[in-house]
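Counted the way the numbering used here counts, the sequence shown spans residues 162 to 330.
Glycine included, every Cβ here is placed at the ideal spot set by N, Cα and C.
Note that the structure is a prediction, hence the values are computed from the model and not measured.
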Amino acid sequence: ATLIGGYVLGSLLAGGDAPGLTSAAYLASSSLCIAAIACLANQASARTGNALGMAGVSAGIATTLGVMHAPAAVYAQVVAMLGTGVATGHYIGKNMKITELPQMVAAFHSLVGLAAAATSISNVMAVDPAHGLDITHKVTAYLGDFIGAVTMTGSAVAFGKLHGLLKSD
162 ATLIGGYVLG SLLAGGDAPG LTSAAYLASS SLCIAAIACL ANQASARTGN ALGMAGVSAG
222 IATTLGVMHA PAAVYAQVVA MLGTGVATGH YIGKNMKITE LPQMVAAFHS LVGLAAAATS
282 ISNVMAVDPA HGLDITHKVT AYLGDFIGAV TMTGSAVAFG KLHGLLKSD
């Protein structure tokens, strides 16, 4: 909350255009997410890891929303999708048995792969055809799409095997 409040206050004081502040907020958000992963490696610090992860992701979302400069209808769509995601995650979390945790992790990880592939595709589609893509962006887009698709497929297979939907011969 402090990070988000500081970002909002800094943006307001800077008149809405503060690229250095935006970079700092993204760096802080990324650092919190990395620290969260480190804390999740140990059961004693897992609660701290969850809190750091929530703070990092929330700060990243707030920073992204702060630099979008989109029409109100787009913000309404973003809020609706965030709400849908929260409600779906809450429902799944409340109704899942603890013995099904590996399947849930695999299923959610397949969504991570799908998001990576979709992000790579959308980055290519967002480029003005008149300007084209340089080789670096082409390579990273194709790698992102490939790695995301492999991650999605592999995690979906893992889910199917763990849940007993696919045979493990």
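Per DSSP, the continuous alpha helix (DSSP H) segment holding T249 begins and ends at 233-256.
For the pair A220 and I296, the CB atoms are not nearer than the 7 Å cut-off. Between the beta-carbon of T224 and that of T183 there is about 6 Å, and that keeps the pair under the 8 Å contact cut. The C-beta of S190 has 16 or more other C-beta atoms within 10 Å across all chains shown, which makes the residue buried. Judged by their CB atoms, S271 and S316 are nearer to each other than the 7 Å cut-off.
If you ignore the 5 residues before and after M257, its C-beta comes within less than 8 Å of the C-beta of M265, all in its own chain and listed in chain order.
Excluding residues up to 5 positions away in sequence, V285, V288, A302 lie with their Cβ nearer than 8 Å to the Cβ of L294 in the same chain. Beta-carbon to beta-carbon, A267 and T312 are separated by about 11 Å, too far to satisfy the 8 Å threshold. In the three-state scheme derived from DSSP, where H, G and I count as helix and E and B as strand, N211 is classed as helix.
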